[in-house]
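Below is one structure, written out as structure tokens, with a few remarks after it.
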Amino acid sequence: MRIITQTCPQCGTIVSANELESTRVMKCPGLSCENVLRFEDLPREDREFFLDHADEYEL
Ligand SMILES: [Zn+2]
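Just so we're aligned, residue 46 is where the sequence shown starts under our numbering, counting upward by one.
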């Protein structure tokens, strides 16, 4: 299974796409980081791949 992640550009914390997809917008979980991460910020091909395979990502 391909793992899709987004890296926070401010602190480097890695967030998985399924966390982002479930909330769409989330505050970065990094310590003392106020950056906001959005599912829409993922590259289009990553979003499409994730949505096509969303059932495989459910834990
Ligand atoms: Zn961050």
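Backbone N, C-alpha and C fix where the C-beta goes; we use that ideal spot for every residue, glycine too.
- Cut-off 6 Å between Cβ atoms - residues of its own chain near Thr-50, not counting five sequence neighbours on either side: Here the question's residue 50 lines up with position 5 in the sequence shown. Closer than 6 Å at the Cβ level, and outside the excluded window around Thr-50, lie Ile-59, Ser-61.
- Query: Thr-50 bridges to which residues according to DSSP?
  - Reply: Locating residue 50 in the sequence shown gives position 5, counting from the first residue. Under DSSP, Thr-50 takes part in a beta bridge, and its partners are Ser-61.
- Task: In angstroms with no decimal places, state the Cα-to-Cα distance between Val-70 and Glu-79.
- Result: Residue mapping note: residue 70 aligns to position 25 of the sequence shown, counting from 1. Residue mapping note: residue 79 aligns to position 34 of the sequence shown, counting from 1. Roughly 13 Å between the two C-alpha positions.
- Task: Please state if the CB of Phe-84 and the CB of Glu-66 are separated by a distance shorter than 7 Å.
- Result: If you number the sequence shown from 1, residue 66 lands on position 21. If you number the sequence shown from 1, residue 84 lands on position 39. Remark: C-beta atoms of Glu-66 and Phe-84 approach each other more closely than 7 Å.
- Straight-line gap, Thr-52 to Leu-76 (C-alpha atoms, nearest Å): Along the sequence shown, read from residue 1 onward, the residue named residue 52 stands at position 7. Along the sequence shown, read from residue 1 onward, the residue named residue 76 stands at position 31. Using only the alpha carbons, I get a separation of about 14 Å.
- Message: So for Arg-69, helix, strand or coil by DSSP?
- Response: Within the sequence shown, the letter at position 24 stands for residue 69. DSSP places Arg-69 in the coil class of the three-state scheme, outside both helix and strand.
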